[in-house]
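Residue numbers (my numbering): -9 to 211.
Worksheet: the structure to be examined is printed underneath.
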Amino acid sequence: MAQGPLVNYPLHADRKAFEISEIASKENVSLRKKFALKCIGGGEPGTWEVTLHLSKDLPFDNFKISASLKRADDGRNALNAYLNIMLANMQGKMCPLSYSMDHIFRGQETESKIFEVGEHFKCLFINENIHRDTLVVEIKLVVAGCQGQHKGFGVEVARLNVNGGRIEKGDGDRRLAEEESRISHTGRGGLVVRSRLWGRMVLGSKPDSTEDPPCMGPVAR
């Protein structure tokens, strides 16, 4: 049985931004991120692949996140991996709820989970016309017994041009780079996620109530 969040190991984070207009006009949006970690003991780098699929109904309302975590190396040693997903806006405001999964990988395995995203994420909207808004998906991966660099660590923002279907980079890169510069590899570590979707708390804090908390502002240093 999986053990729970591994708060004493390095945290590896990445982000992806997507336009509400893109999600509103399509039923499925796919984000794929890859993580590479070098394990303690001189073994070959352990490779982890994170894949997110966002699906929704038309017209735009609540949506689902289908997450899969794949171990792609030789899988010689059992490793406990913990994945945490959060939503934010371009100003650094965080959704009060996070979505997590953890699993002990004893070989080349893939663990998947589907999360129902409720209306609480709408507190992140800035514009009255939500189709002009941008949301940020923040992916954080912790693997016990692994250390080293995350290849490609940093901010990678891709805005989809709905009309042309091309991937373009815009001002979101700069904004997210400024926000990301405040977060180290261990920033926002120590999350404990209970089974209920709204049951997220930071170590040292009191347990959440049964009511959804308001959106959180930018995380203090």
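Glycine included, each C-beta is placed from N, C-alpha and C at the ideal position.
Discussion item. So for Phe115, helix, strand or coil by DSSP?
Written reply: coil
Fill in: Straight-line Cα distance separating Asn117 from Ala7
16 Å
Item to complete: Tell me whether Glu128 is buried or exposed, calling it buried when 16 or more other Cβ atoms sit within 10 Å of its Cβ.
Response: buried
Practice prompt. Express the C-alpha separation of Ser20 and Lys130 in angstroms, rounding to a whole number.
Written response: 17 Å
Worksheet item: If we ignore side chains and look at the alpha-carbon of each, how far apart do Lys23 and Trp38 end up?
Response: 9 Å
Worksheet item: Straight-line CA distance for Asp228 to Leu73?
Response: Outside the shown range of the chain, which is -9 to 211, sits residue 228, and nothing can be said about it.
Worksheet item: What does a CB cutoff of less than 6 Å around Val126 pick up in its chain, not counting 5 residues either side in sequence?
Response: Arg5, Ala7 and Ala78
Item to complete: Taking only runs that begin and end inside the region 67 to 92, name each unbroken alpha helix (DSSP H) of 4 or more residues, in chain order.
Response: none
Item to complete: Give me the Cα-Cα distance between Ala62 and Ile94, rounded to the nearest whole angstrom.
Response: 14 Å
Discussion item. Here's the rule: buried if 16 or more other CB atoms are within 10 angstroms of the residue's CB, otherwise exposed. What is Asn70?
Written reply: buried
Worksheet item: According to DSSP, is Glu39 helix, strand or coil?
Response: strand
Discussion item. Within a Cβ cutoff of 7 Å, which residues of the same chain sit near Gln98, ignoring the five residues on either side of it in sequence?
Written reply: Arg61, Ala62 and Gly65
Practice prompt. Compute the beta-carbon to beta-carbon distance between Glu101 and Ser58, rounded to the nearest angstrom, for a pair I have assumed lies under 8 Å.
Written response: 7 Å
Practice prompt. Measure the CB-CB distance between Ser11 and Arg122 and report whether it falls below 9 Å.
Written response: yes
Practice prompt. Over the uninterrupted beta strand (DSSP E) stretch that includes Arg61, give me the two end residues.
Written response: Phe53 to Arg61
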